[in-house]
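Undergrad: Please read through the structure below; I'll follow up with questions.
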Amino acid sequence: MKGIILAGGSGTRLYPLTTVTSKQLLPVYDKPMIYYPLSVLMMAGIRDILIISTPADLPNFEHLLRDGSDYGVNLSYAVQPSPDGLAQAFVIGEEFAGGEPCALVLGDNIFYGNGLGRHLRRAVENAETRGLATVFGYHVDDPERFGVVEFDESFNAVSIEEKPERPKSSYAVTGLYFYPGDVCGRAKEVVPSARGELEITDLNRMYLEDGLLSVVTLGRGYAWLDTGTMESLHEAGEFVRAVERSQDMPVSVLEEIAYENGWIDRETLVACAERYGKSEYGKHLKRVAAGEFVNRNLDY
Numbered sequence: 001m002k003g004i005i006l007a008g009g010s011g012t013r014l015y016p017l018t019t020v021t022s023k024q025l026l027p028v029y030d031k032p033m034i035y036y037p038l039s040v041l042m043m044a045g046i047r048d049i050l051i052i053s054t055p056a057d058l059p060n061f062e063h064l065l066r067d068g069s070d071y072g073v074n075l076s077y078a079v080q081p082s083p084d085g086l087a088q089a090f091v092i093g094e095e096f097a098g099g100e101p102c103a104l105v106l107g108d109n110i111f112y113g114n115g116l117g118r119h120l121r122r123a124v125e126n127a128e129t130r131g132l133a134t135v136f137g138y139h140v141d142d143p144e145r146f147g148v149v150e151f152d153e154s155f156n157a158v159s160i161e162e163k164p165e166r167p168k169s170s171y172a173v174t175g176l177y178f179y180p181g182d183v184c185g186r187a188k189e190v191v192p193s194a195r196g197e198l199e200i201t202d203l204n205r206m207y208l209e210d211g212l213l214s215v216v217t218l219g220r221g222y223a224w225l226d227t228g229t230m231e232s233l234h235e236a237g238e239f240v241r242a243v244e245r246s247q248d249m250p251v252s253v254l255e256e257i258a259y260e261n262g263w264i265d266r267e268t269l270v271a272c273a274e275r276y277g278k279s280e281y282g283k284h285l286k287r288v289a290a291g292e293f294v295n296r297n298l299d300y
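Each residue of the sequence shown is one higher than the one before, starting from 1 at the first, in full-length UniProt numbering.
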């Protein structure tokens, strides 16, 4: 399976912060925002990843992440000339996907929770072996801001609506999607909405109507953070800080995930740690290389 991170847009709700840099390069406590969605794809076992961003911002992502070899992944980059909807990612990334199953995660979404890795790997398996698409539902107080999934009495998904005036449930579809190999072809069939965008909800509805959509709800113990506003960006930073202080170790450390997955060796891990100098991030990598964490559970 391959993966796409959509990190485009102008981030106008975060002006003036985003007048000179991409929203997805802003810090969320101790790491650039894009580290969090990238870590999600890595926890799913995905190693071929395409980052899509604006012509102005893409060089900064390349400067930060390079070819991905430090994290044991293969990173490619593509330009999104204008933000014309989330499903556009599969039109832009058609050649990259090459007819293979493909996941999409939004660059400003953060996911956390014990057991998340199991959900991710099951979604990969369903796409690869059963031709099923998987999305994740999360209970919110303001569902009218999101794509909303409706369930029947048996908690089976029966409809999905984009930003409905009268939501049929309080479950929003998060910015993380797993699709089988026909996704790029289906994305090209999506008709632009009234606001001129290729809506991801319309793509999901295609799979739902064909009986090929699995909706996994993330309940108690999980956190989904959408960092698109100043308030939510601050809340995300506070959340990550609280989690890391409570367990005395950072989360979403890309090199550590790669090392635990067997994608990089100890020598590479140590070299990465040295490049971070005296930072807490670098110190943590040195502790990992020294074996101070035994069978650490990275399944968050």
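The beta-carbon is built from N, C-alpha and C at its ideal position, and this holds for glycine as well. As the structure is a computational prediction, the values presented were derived from the model and not from experiment.
Mind checking which residues open and close the alpha helix (DSSP H) that includes PHE239?
TA: Sequence index remark: in the sequence shown, residue 239 carries index 239 (1-based). 230-247 is the extent of the alpha helix (DSSP H) around PHE239.
Undergrad: Can you give the Cα-Cα distance for GLU189 and VAL149, rounded to whole angstroms?
TA: Within the sequence shown, numbered from 1, the residue matching residue 189 stands at position 189. Within the sequence shown, numbered from 1, the residue matching residue 149 stands at position 149. C-alpha separation (whole angstroms): 21 Å.
Undergrad: Compare the beta carbon distance of PHE239 and LEU225 with 9 Å and say whether it is the shorter of the two.
TA: Start at 1 with the first residue of the sequence shown, and residue 239 comes out as number 239. Start at 1 with the first residue of the sequence shown, and residue 225 comes out as number 225. Yes, the Cβ-Cβ distance between PHE239 and LEU225 is below 9 Å.
Undergrad: Is it buried or exposed for VAL79, if we count other Cβ within 10 angstroms and need 16 for buried?
TA: Position 79 of the sequence shown, counted from the start, is the residue given in the question as residue 79. Exposed: under 16 other Cβ atoms inside 10 Å.
Undergrad: Answer yes or no: do LEU104 and ILE4 have a C-beta to C-beta separation smaller than 9 Å?
TA: For the purposes of this step, residue 104 is taken as the residue at position 104 of the sequence shown. For the purposes of this step, residue 4 is taken as the residue at position 4 of the sequence shown. For LEU104 and ILE4, yes; Cβs fall inside 9 Å.
Undergrad: Can you tell me the Cβ-Cβ gap for LEU116 and TYR222, rounded? I've got them flagged as a contact below 8 Å.
TA: What you label residue 116 is simply residue 116 of the sequence shown in a count that begins at 1. What you label residue 222 is simply residue 222 of the sequence shown in a count that begins at 1. Confirmed, Cβ separation roughly 7 Å.
Undergrad: One question on the structure: do LEU86 and ILE200 come within less than 9 Å of each other, judged by their Cβ atoms?
TA: Within the sequence shown, residue 86 is the residue found at index 86, counting from 1. Within the sequence shown, residue 200 is the residue found at index 200, counting from 1. Cβ distance < 9 Å, so LEU86 and ILE200 count as in contact.
Undergrad: Any chance the region 38-58 sits against the region 274-293, with 3 or more Cβ pairs inside 8 Å?
TA: The answer is no - the region 274-293 does not touch the region 38-58, with fewer than three Cβ pairs under 8 Å.
Undergrad: One question on the structure: do GLU100 and GLY185 come within less than 9 Å of each other, judged by their Cβ atoms?
TA: Start at 1 with the first residue of the sequence shown, and residue 100 comes out as number 100. Start at 1 with the first residue of the sequence shown, and residue 185 comes out as number 185. For GLU100 and GLY185, no; Cβs fall outside 9 Å.
Undergrad: Since GLY107 and ILE34 are thought to touch, with beta carbons under 8 Å apart, how far apart are those beta carbons, to the nearest angstrom?
TA: Here residue 107 corresponds to residue number 107 of the sequence shown, with the count starting at 1. Here residue 34 corresponds to residue number 34 of the sequence shown, with the count starting at 1. Right, their Cβ atoms sit about 5 Å apart.
Undergrad: Ordered along the chain, which non-local residues of its own chain (more than five positions away) have a Cβ less than 6 Å from that of THR174?
TA: If you number the sequence shown from 1, residue 174 lands on position 174. Hits under 6 Å: PHE136, TYR138, TRP224.
Undergrad: Return the chain-ordered list of same chain residues with a C-beta closer than 6 Å to the C-beta of LEU218, the five sequence neighbours on each side being excluded.
TA: Translated into the one-based positions of the sequence shown, residue 218 becomes position 218. Around LEU218: PHE136, TYR138.
Undergrad: Return the first residue and the last residue of the alpha helix (DSSP H) that PHE90 is part of.
TA: Start at 1 with the first residue of the sequence shown, and residue 90 comes out as number 90. PHE90 -> alpha helix (DSSP H) spans 88-92.
Undergrad: Enumerate, from N- to C-terminal direction, the unbroken beta strand (DSSP E) stretches of 3 or more residues contained entirely within the region 49-110.
TA: The region 49-110 contains these whole beta strand (DSSP E) runs: 74-79, 102-106.
Undergrad: Is TYR77 closer than 9 Å to LEU38 when the C-beta atoms are compared?
TA: Position 38 of the sequence shown, counting from 1, holds the residue named residue 38. Position 77 of the sequence shown, counting from 1, holds the residue named residue 77. Contact flag unset, no.
Undergrad: Among LEU198, PRO167, TYR177, which one has its Cα closest to the Cα of GLU144?
TA: The count along the sequence shown starts at 1 and reaches residue 144 at position 144. Answer by Cα proximity: PRO167.
Undergrad: For the candidate residues TYR259, GLU260, GLY237, LYS2, whose alpha-carbon lies nearest to that of PHE90?
TA: Residue 90 sits at position 90 when you count from the first residue of the sequence shown. Looking at the Cα atoms, LYS2 is the closest of the given residues.
Undergrad: Check whether the Cβ atoms of ASP141 and SER170 lie closer than 9 Å to each other.
TA: By 1-based counting over the sequence shown, the position of residue 141 is 141. By 1-based counting over the sequence shown, the position of residue 170 is 170. Closer than 9 Å, so yes.
Undergrad: For SER53 and SER22, which I take to be in contact (beta-carbon distance under 8 Å), what is that distance rounded to the nearest angstrom?
TA: One-based indexing of the sequence shown puts residue 53 at position 53. One-based indexing of the sequence shown puts residue 22 at position 22. Yes, SER53 and SER22 are in contact; Cβ-Cβ is about 6 Å, under 8 Å.
Undergrad: Under the rule that 16 or more other beta-carbon atoms within 10 Å means buried, what is ARG266, buried or exposed?
TA: One-based indexing of the sequence shown puts residue 266 at position 266. The residue in question, ARG266, is exposed, as its Cβ has fewer than 16 Cβ neighbours within 10 Å.
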